[in-house]
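Under numbering that gives the first Met the number 0, the first residue of the sequence shown carries the number 0, and numbering increases by one thereafter. The beta carbon of each residue, even a glycine, is placed where N, CA and C say it ideally should be. Written below as structure tokens is the structure these notes are about.
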Amino acid sequence: MSLWLYLHCPSLLLDSLYAPSSVQAVGLVSEQEGRLVQLSVAANAQGLNIGMGLGAAALICHQLAVYPYCAVKEQSALEQLAAQLYPLVAEISLNSPKGLWLHVSPMLALYQGFPPLWQAVTQTLVESGIRYQAGVGETPRAAELMAYGHAGKVSIDPEHLQAALQQVPLTAAPLPETVKTQFTRLGLSQLGELIALPTASLTRRFPRSVVDYLAEVRGDKPTPLNYFQPPLQFFQQRVLLFELSEQAHLLPIIENLVSALCRFLEQRSACTPALTLGFSLRDGCEETLPVMAAHGEKDSERWMALVRLRLASWQVSQPVTAVSVAASQIDCHQPGQTDLFSAQQGEQNRDELVATLAARLGEEAVMRLAYVDHHRPEAASQHVPHHHSATPTASAPTRPRPSLLLPQPTP
Numbered sequence: 000m001s002l003w004l005y006l007h008c009p010s011l012l013l014d015s016l017y018a019p020s021s022v023q024a025v026g027l028v029s030e031q032e033g034r035l036v037q038l039s040v041a042a043n044a045q046g047l048n049i050g051m052g053l054g055a056a057a058l059i060c061h062q063l064a065v066y067p068y069c070a071v072k073e074q075s076a077l078e079q080l081a082a083q084l085y086p087l088v089a090e091i092s093l094n095s096p097k098g099l100w101l102h103v104s105p106m107l108a109l110y111q112g113f114p115p116l117w118q119a120v121t122q123t124l125v126e127s128g129i130r131y132q133a134g135v136g137e138t139p140r141a142a143e144l145m146a147y148g149h150a151g152k153v154s155i156d157p158e159h160l161q162a163a164l165q166q167v168p169l170t171a172a173p174l175p176e177t178v179k180t181q182f183t184r185l186g187l188s189q190l191g192e193l194i195a196l197p198t199a200s201l202t203r204r205f206p207r208s209v210v211d212y213l214a215e216v217r218g219d220k221p222t223p224l225n226y227f228q229p230p231l232q233f234f235q236q237r238v239l240l241f242e243l244s245e246q247a248h249l250l251p252i253i254e255n256l257v258s259a260l261c262r263f264l265e266q267r268s269a270c271t272p273a274l275t276l277g278f279s280l281r282d283g284c285e286e287t288l289p290v291m292a293a294h295g296e297k298d299s300e301r302w303m304a305l306v307r308l309r310l311a312s313w314q315v316s317q318p319v320t321a322v323s324v325a326a327s328q329i330d331c332h333q334p335g336q337t338d339l340f341s342a343q344q345g346e347q348n349r350d351e352l353v354a355t356l357a358a359r360l361g362e363e364a365v366m367r368l369a370y371v372d373h374h375r376p377e378a379a380s381q382h383v384p385h386h387h388s389a390t391p392t393a394s395a396p397t398r399p400r401p402s403l404l405l406p407q408p409t410p
């Protein structure tokens, strides 16, 4: 039996944004319609509802903070959520803008049952702060309906699945409102009543899209799925609901993003020698800060130590509206070869010291000696930035220098 788990995140974009306080009422508004489309828990507690106009919402809650809804940012949040769940379930399909299908039946043997898998999925969702509705079904459309219809507890019992699916209200189906109105006029309120009708009657009374949708629910017709492919490079951005100007307030956000990067690397047994911090400023400008490590690194504590040193020499010129962390160079992790009897175990090596100095003072402030092809010893070397190639510009002289050099050339 094939099993699908569907996750519907009604407030995905709002939950993915960063808010320093969770007690303030926050809402996202559609700029085209001027109505609320997503609300925080505090806003729901104040009596606000989805679809309410801004005027009515302001009368009910004077402290409501309103921000524009952006479909592009919500799609990015959906892809980030899929990337977080990908280590748990191998087959994930996106149902934009707010849903994910997870093919769980191939994973049951690995987790030794559905409960451990469900616990791992819910733990990831809770840690991400994403509110969700879940449903399980034998087909992708059936699982989607179970999530939309709030069919109760998540279970894989076949009898429970069939009984719960029959009782799903037709108002929860993702069908046009004109079709739902037609259901009401015919006295149809539950999915089981619609499925019980003969196919000929369905074809005569309803549009072809309804017949095809029921075929996908029953499994008679495959559902087109857009399977998620994990990215080869790392990029995550956290949009802020409130502008921040203090580094102390930005550090927890950066630490969360760096931890996500290190989990990304750990899952792939990889490392990266550099990451880039991105800051979106109030005036729309972007400011980036590169952070370099001595070699490929995947430990979050070491990365945060370098990040703190890098931020110590950076001043926030304008309030920050979004923070991002990117890593484009992903390498295979190769543990260093250490000698059991080495006298310098646990000490900082030369490369790590140089990386620490570069993070604290800046890349151009740390210099090293480089060979220069010149016959005079005092001019045979020069200072260059440490990150420049160490390959000499010319081969070393094969003949010895003269033992005596005059101040000026003499013929």
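Problem - Range of the contiguous beta strand (DSSP E) that encloses Pro197 - result: Along the sequence shown, read from residue 1 onward, the residue named residue 197 stands at position 198. Where Pro197 is concerned, there is no enclosing beta strand (DSSP E), given that its DSSP letter is neither H nor E.
Practice task
Determine the DSSP secondary structure at Cys261, reduced to helix, strand or coil.
Solution key: Stepping through the sequence shown from its first residue, residue 261 is reached at position 262. Helix at Cys261.
Exercise for the section: With hydrogens ignored, establish whether the beta-carbon of Leu185 is closer than 6 Å to any heavy atom of the ligand FAD. Expected result: This structure lacks the ligand FAD; in fact it carries no ligand of any kind.
Problem - Residue of Trp3, Val353, Tyr66 minimising C-alpha distance to Leu27 - result: Reading the sequence shown from its first residue, position 28 is the one you call residue 27. Measuring from the Cα of Leu27, the nearest candidate turns out to be Tyr66.
Handout entry: Extent of the continuous alpha helix (DSSP H) to which Pro139 belongs
Key = Locating residue 139 in the sequence shown gives position 140, counting from the first residue. Pro139 -> alpha helix (DSSP H) spans 139-147.
Practice task
Find out if the Cβ-Cβ distance for the pair Arg140, Thr222 is shorter than 7 Å.
Solution key: Taking the sequence shown and counting its residues from 1, the one referred to as residue 140 is at position 141. Taking the sequence shown and counting its residues from 1, the one referred to as residue 222 is at position 223. In contact: Arg140 and Thr222 (Cβ atoms closer than 7 Å).
Practice task
Starting from the C-beta of Gly148, find all residues in its chain whose C-beta is less than 7 Å away, skip the five residues before and the five after it, and write them out in chain order.
Solution key: Counting from one through the sequence shown, the residue named residue 148 turns up at place 149. Val167, Pro168, Ala171.
Problem - Own chain partners of Thr123 with C-beta closer than 8 Å, once the 5 adjacent residues on each side are dropped - result: On the sequence shown, residue 123 is found 124 positions in, with the first residue counted as 1. Once the five neighbours on either side are set aside, the close Cβ partners of Thr123 are Gln83, Leu84, Leu87.
Practice task
Report the option in Phe233, Tyr17, Cys8 whose CA atom is closest to the CA atom of Ala321.
Solution key: Counting from 1 along the sequence shown, the entry for residue 321 is found at position 322. Answer by Cα proximity: Tyr17.
Practice task
Specify the secondary structure class of Phe227 as computed by DSSP and reduced to three states.
Solution key: As a first step, residue 227 must be located in the sequence shown, where it is residue number 228. Phe227: coil per DSSP, three-state reduction.
Practice task
Would you mind sorting Thr138 into buried or exposed? The rule is 16 or more other CB atoms within 10 Å of its CB.
Solution key: Counting from 1 along the sequence shown, the entry for residue 138 is found at position 139. Classification for Thr138: buried.
Exercise for the section: Spatial neighbours of Cys270 within its chain, please: CB distance less than 7 Å, with the 5 preceding and 5 following residues excluded, ordered by chain position. Expected result: Within the sequence shown, numbered from 1, the residue matching residue 270 stands at position 271. Taken in chain order, the residues that qualify are Leu264, Gly295, Glu296, Lys297, Asp330, His332.
Handout entry: Identity of the residues DSSP links to Ser29 by a beta bridge
Key = Counting from one through the sequence shown, the residue named residue 29 turns up at place 30. Looking at the DSSP assignment, Ser29 forms a beta bridge with Arg34.
Exercise for the section: Give the DSSP-derived three-state secondary structure of Ala89 in the structure shown. Expected result: Within the sequence shown, residue 89 is the residue found at index 90, counting from 1. Ala89: coil per DSSP, three-state reduction.
Problem - Cα-Cα separation between Arg307 and Arg237, rounded to whole angstroms - result: Taking the first residue of the sequence shown as position 1, residue 307 is located at position 308. Taking the first residue of the sequence shown as position 1, residue 237 is located at position 238. Straight-line Cα distance between these residues: approximately 19 Å.
Practice task
Taking the CB atoms as reference points, tell me whether Leu101 and Leu160 lie closer together than 7 Å.
Solution key: Locating residue 101 in the sequence shown gives position 102, counting from the first residue. Locating residue 160 in the sequence shown gives position 161, counting from the first residue. Cβ distance not < 7 Å, so Leu101 and Leu160 don't count as in contact.
Practice task
Find out if the Cβ-Cβ distance for the pair Met291, Glu254 is shorter than 7 Å.
Solution key: By 1-based counting over the sequence shown, the position of residue 291 is 292. By 1-based counting over the sequence shown, the position of residue 254 is 255. No, the Cβ-Cβ distance between Met291 and Glu254 is not below 7 Å.
Problem - Option nearest Ser312 by Cα separation, candidates Ile129, Leu288, Ser29, Ala326 - result: For the purposes of this step, residue 312 is taken as the residue at position 313 of the sequence shown. Out of Ile129, Leu288, Ser29, Ala326, Leu288 has the C-alpha closest to the C-alpha of Ser312.
Practice task
Please state whether DSSP places Gly295 in a helix, a strand or coil.
Solution key: In the sequence shown, counting from the first residue as 1, residue 295 sits at position 296. Gly295: strand per DSSP, three-state reduction.
Problem - Nearest to Val383 (by Cα), restricted to the options Thr177, Gln181, Val371, Pro318 - result: Taking the first residue of the sequence shown as position 1, residue 383 is located at position 384. Of the candidates Thr177, Gln181, Val371, Pro318, the one whose C-alpha sits nearest the C-alpha of Val383 is Val371.
Exercise for the section: Excluding the 5 residues preceding and the 5 following Gly46 in the sequence, name in chain order all residues of the same chain whose CB lies nearer than 6 Å to its CB. Expected result: The residue labelled residue 46 in the question sits at position 47 within the sequence shown. These residues qualify, in order along the chain: Ile59.
Practice task
Rank Pro157, Leu187, Ser244, Ala358 by C-alpha distance to the C-alpha of Pro272 and give the top, closest one.
Solution key: The residue given as residue 272 occupies position 273 in the sequence shown. For the residues Pro157, Leu187, Ser244, Ala358, the minimum Cα distance to Pro272 belongs to Ala358.
Problem - Extent of the continuous beta strand (DSSP E) to which Gly218 belongs - result: For the purposes of this step, residue 218 is taken as the residue at position 219 of the sequence shown. Per DSSP, Gly218 belongs to no beta strand (DSSP E) and is neither H nor E.
Practice task
Express the C-alpha separation of Val40 and Gly128 in angstroms, rounding to a whole number.
Solution key: Stepping through the sequence shown from its first residue, residue 128 is reached at position 129. Stepping through the sequence shown from its first residue, residue 40 is reached at position 41. Going from the Cα of Gly128 to the Cα of Val40 covers about 12 Å.
Exercise for the section: Have a look at Ala119, Pro115, Gln111, Leu164 and flag the residue whose alpha-carbon is nearest the alpha-carbon of Gly136. Expected result: Along the sequence shown, read from residue 1 onward, the residue named residue 136 stands at position 137. Comparing Cα-Cα distances from Gly136 to each of Ala119, Pro115, Gln111, Leu164, the minimum goes to Leu164.
Practice task
Enumerate in chain order the residues of its own chain whose CB-to-CB distance from Leu405 is below 7 Å, with the five nearest sequence positions on each side excluded.
Solution key: For the purposes of this step, residue 405 is taken as residue 406 along the sequence shown, with counting starting at 1. Result list for Leu405: empty, nothing under 7 Å.
Exercise for the section: Taking all protein chains shown into account, decide if Arg184 is buried (16 or more other Cβ within 10 angstroms of its Cβ) or exposed. Expected result: As a first step, residue 184 must be located in the sequence shown, where it is residue number 185. It counts as exposed.
Exercise for the section: State the beta-bridge partners of His382 as determined by DSSP. Expected result: Residue 382 sits at position 383 when you count from the first residue of the sequence shown. Per DSSP, Leu368.
Problem - CA-to-CA distance, Arg375 to Gln407, given in whole angstroms - result: The sequence position of residue 407 within the sequence shown is 408, counting from 1. The sequence position of residue 375 within the sequence shown is 376, counting from 1. Cα-Cα distance, rounded: 12 Å.
Practice task
Grab the span of the beta strand (DSSP E) containing Tyr5 for me, first residue to last.
Solution key: In the sequence shown, counting from the first residue as 1, residue 5 sits at position 6. It spans 3-7 - the beta strand (DSSP E) in which Tyr5 sits, taken as one unbroken run.
Practice task
Would you identify the three-state DSSP class for Thr409, choosing helix, strand or coil?
Solution key: Stepping through the sequence shown from its first residue, residue 409 is reached at position 410. Three-state DSSP puts Thr409 in coil, outside helix and strand.
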